[in-house]
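Okay, so here's the structure we're looking at.
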Amino acid sequence: MSPVLAGVLQLLALIVALGLSYRPLGDHMAKVYSSEKHLRPEKWIYKAIGANPSVEMRWPAYLRGVLAFSAVSVLFLYLLQRVQGSLPGSLGFVSIDPDQAFNTAASFVANTNWQSYYGEQAMGHVVQTGGLAVQNFVSAAVGIAVAVALVRGFARSRTGELGNFWADLVRGTVRILLPISVIGALVLVACGAIQNFSGIHEVGQFTGGSQQWNGGAVASQEVIKELGTNGGGYFNANSSHPFENPNGLSNLFEIYLILVIPFALTRTFGRMVGSLKQGYAILGTMAAIWVGFTALMMWTEFAHSGPAFDLAGGAMEGKETRFGIGGSSLFAVATTLTSTGAVNSFHSSYTGFGGGITMLGMQLGEIAPGGVGSGLYGMLIMAIIAVFIAGLMVGRTPEYLGKKIGTREIKFAACYILITPALVLCFTAASFVLDTPAHSMTNSGAHGFSEILYAYTSGANNNGSAFAGLNADTQWFNTTIGIAMLLGRFLPMVFVLALAGSLAEQTPVPETAGTLRTEKPLFTGLLVGTILIITGLTYFPALALGPLAEGLAA
């Protein structure tokens, strides 16, 4: 079988698996967030944290819950790393330095999982399972909760109430993430991923020394790492490590885990707003971008010239032979079009245009299908921008799902789309103005520029993948990327929840002959064009200095 055919068949198998999961999972999530009943374990949690899950919250109270929970999470994870050397199960590792502990705490709480450390050489079992793995669950649940609050803003009227954050957080964790993770962990163990609490042991003697590996609860952390679009690996090699991702089957399953909830949330959205067709329109937009990026990535990496590429069947540098170009390209696009950041190959070794595709996927806002929750609310913000543009073209007040998009709403949407580019471009510029950050680059020229641009793009967009070649374990990068991750995660949530509150207070506008039909393919095309134009105008100059310049010079 040719490598190209193998890649196409993997893509088709993935589409079939996602299609079979779409309806049952989407409907289940709609029921979870619409139910008035509380499970017994959930009641225990509410009692332990002192929350009343039946009290409805307006958007300021909902936001305070998000920020308070996340602030406590950052503090807890920071302190856990700082005292690691005194904890049992630390495997002899010392406590984490302050700047790196801050970076890691900010990273995992912000659902970014950027790692400037070697996982198997820095974190013991307690920090990995009691700190990082826990945040993989709850940070993902926070993202879904905010998305559901925005959906309620569209679905409700004449009220500013958006639900209860604590109920949404607990339900997302207990009823959605945990059950799927248990099943997924068993699948990964069956595929060959490890799951233990063994210590450090030697695996062989080699000339000049020996090699050592430590075990860990890898399969259980790997599944929520992908399912929650987190991305932080137990080992430094991430999902290219055979303990985390043993073979082609596990690789395809992990890609499925990355995409299944973000895609299924579009059906949840359709169910909750009372129009499945509206959910299909958002799904169509996400799917069109995802398939287009995947096809472009495969074409870029399979295109080859010269004897070395002919023998390898394409650009195999930085890719595992057990996954090949097809499996690596699928993973790279999935992880950068979502806020996952896990890698099974090294994006710095991709062709110039291939590396640019991974970067552009994040710069779109990771909305195709995006992170758990963040992809849906990001796409809905873009939909609001699209209907606003359509309204300007026909001279009519924009409407979306029966809600008027006025001055207040469009200001919230505009602030949302401006935050991340400002963080990425300002921090990238500062890194080149100052002397010290530039010393962390392995490469010079366009590729070196791409290393730093990718790092801040990954951090501010809460992706977490790295371009490799950049030494990010410095005070400058640990601090500034940590700040970019926190601001890039929580500032957009402020405007999302404010927008949700504004929409929920409105009286529904009746549909007329002049109403834009947002469930039609025409609107899907308009939405795709809006996304590409906004991203292109924002990032094209920076991309021209990095991956485009490198690709054209190749």
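Take the sequence shown: its position 345, counted from the start at 1, is 366 in the working numbering, and no numbers get skipped. The C-beta atom is built at its ideal place from N, Cα and C for all residues, glycine as well. None of the values given here were measured: they were computed from a predicted structure.
Just to check my reading of the structure: residue i and residue j have Cβ atoms closer than 8 angstroms, yes? What is that Cβ distance to the nearest angstrom?
i: E430; j: I405; result: 7 angstroms
i: T379; j: A353; result: 6 angstroms
i: I221; j: L112; result: 6 angstroms
i: Q216; j: V195; result: At roughly 22 angstroms, the Cβ-Cβ gap does not stay under 8 angstroms, so Q216 and V195 are not in contact.
i: A166; j: L190; result: 5 angstroms
i: P513; j: I426; result: In fact, because the Cβ distance is near 18 angstroms, the residues do not count as touching under 8 angstroms.
i: P244; j: Q232; result: Before going further, note that residue 244 is Val rather than Pro in the sequence given. Actually they do not touch by this definition, with Cβ atoms about 27 angstroms apart.
i: I502; j: A493; result: 7 angstroms
i: A168; j: L198; result: The Cβ separation is near 14 angstroms, so there is no contact.
i: L518; j: W135; result: Not confirmed; about 25 angstroms, so no contact.
i: A176; j: M293; result: 5 angstroms
i: G184; j: A206; result: Wrong, their Cβ atoms sit about 30 angstroms apart, outside the cutoff.
i: A126; j: L108; result: In fact, because the Cβ distance is near 16 angstroms, the residues do not count as touching under 8 angstroms.
i: P568; j: G373; result: 5 angstroms
i: G394; j: G164; result: 3 angstroms
i: S91; j: R103; result: The pair is not a contact, with the Cβ atoms about 19 angstroms apart (cut-off 8 angstroms).
i: L524; j: K424; result: 5 angstroms
i: M414; j: T306; result: The pair is not a contact, with the Cβ atoms about 19 angstroms apart (cut-off 8 angstroms).
i: V203; j: F274; result: Wrong, their Cβ atoms sit about 15 angstroms apart, outside the cutoff.
i: I473; j: T495; result: With a Cβ gap of about 12 angstroms, I473 and T495 do not count as contacting.
Would you list the one or two residues that DSSP bridges to residue i?
i: F421; result: According to the sequence as given, residue 421 is Tyr; it is not Phe. BP columns for Y421 point to K424.
i: W234; result: H222
i: M462; result: L491
i: E182; result: R79
How is residue i classed by DSSP in three states: helix, strand or coil?
i: M337; result: coil
i: R538; result: coil
i: M78; result: coil
i: S366; result: strand
i: V104; result: coil
i: F605; result: The chain is shown from 22 up to 575; residue 605 falls before or after that span and cannot be answered.
i: S111; result: coil
i: A324; result: coil
i: W497; result: helix
i: A481; result: helix
i: P513; result: helix
i: L35; result: helix
i: D118; result: coil
i: E526; result: helix
i: T289; result: helix
i: A131; result: coil
i: T379; result: helix
i: E571; result: helix
i: Q299; result: helix
i: Q136; result: coil
i: S486; result: coil
i: M318; result: helix
i: Y99; result: helix
i: S42; result: helix
i: S94; result: helix
i: L26; result: helix
i: L455; result: coil
i: S471; result: helix
i: S350; result: helix
i: E430; result: helix
i: T545; result: helix
Flag residue i as yes when its Cβ comes closer than 6 angstroms to any non-hydrogen atom of the ligand ADP, and as no otherwise.
i: A238; result: No copy of the ligand ADP appears in this structure; indeed no ligand is present at all.
Inter-stretch contact (C-beta, 8 angstroms, three-pair minimum) for the stretch 346-362 and the stretch 417-429
Because the criterion of three Cβ pairs below 8 angstroms is not met, the stretch 346-362 and the stretch 417-429 do not touch.
Touch check for the stretch 136-148 and the stretch 242-258: three-plus C-beta pairs under 8 angstroms?
With the cut-off at 8 angstroms, the stretch 136-148 and the stretch 242-258 touch.
I'd like to know if the stretch 70-90 and the stretch 143-154 are in contact, where contact means that at least 3 CB-CB pairs between them fall below 8 angstroms.
Not touching, per the Cβ criterion.
Mind the definition here: the stretch 36-45 touches the stretch 356-372 only if three or more C-beta pairs lie below 8 angstroms; say whether that holds.
No, they do not touch.
Curious, which full-length alpha helix (DSSP H) runs of at least 4 residues does the stretch 45-80 contain?
Segments of the alpha helix (DSSP H) lying fully in the stretch 45-80: 61-70.
Counting Cβ pairs, one atom from each stretch, are 3 or more of them under 8 angstroms apart for the stretch 537-551 and the stretch 295-304?
The stretch 537-551 vs the stretch 295-304: in contact.
Under 8 angstroms, with one C-beta from each stretch per pair, do the stretch 126-136 and the stretch 503-518 reach the 3-pair mark?
Judged by Cβ distances under 8 angstroms, the stretch 126-136 makes contact with the stretch 503-518, as three or more pairs qualify.
I want to know whether the stretch 269-288 touches the stretch 524-532 - three or more CB-CB distances under 8 angstroms.
A contact between stretches requires three or more CB pairs, one per stretch, nearer than 8 angstroms, and the stretch 269-288 fails this requirement with the stretch 524-532.
Ordered list of alpha helix (DSSP H) runs contained in the stretch 386-422, each at least 4 residues:
Counting whole runs of 4 or more residues, the stretch 386-422 contains the alpha helix (DSSP H) stretches 395-415.
Length at least 4, wholly inside the stretch 142-223: the alpha helix (DSSP H) runs in chain order:
You should have 154-176, 186-192 and 199-212.
Give a yes or no on contact between the stretch 470-482 and the stretch 59-74, applying the rule of three or more CB pairs nearer than 8 angstroms.
Flag = no, the stretch 470-482 and the stretch 59-74 do not touch.
Every unbroken beta strand (DSSP E) within the stretch 229-284, with a cutoff of 3 residues, ordered by chain
List check, beta strand (DSSP E) in window: 230-235.
Contact the stretch 550-558 vs the stretch 406-414: 3+ CB pairs below 8 angstroms:
Inter-segment contact for the stretch 550-558 and the stretch 406-414 is present: three or more beta-carbon pairs are separated by less than 8 angstroms.
Do the stretch 266-273 and the stretch 366-382 meet, that is, are 3 or more Cβ pairs less than 8 angstroms apart?
The stretch 266-273 vs the stretch 366-382: no contact.
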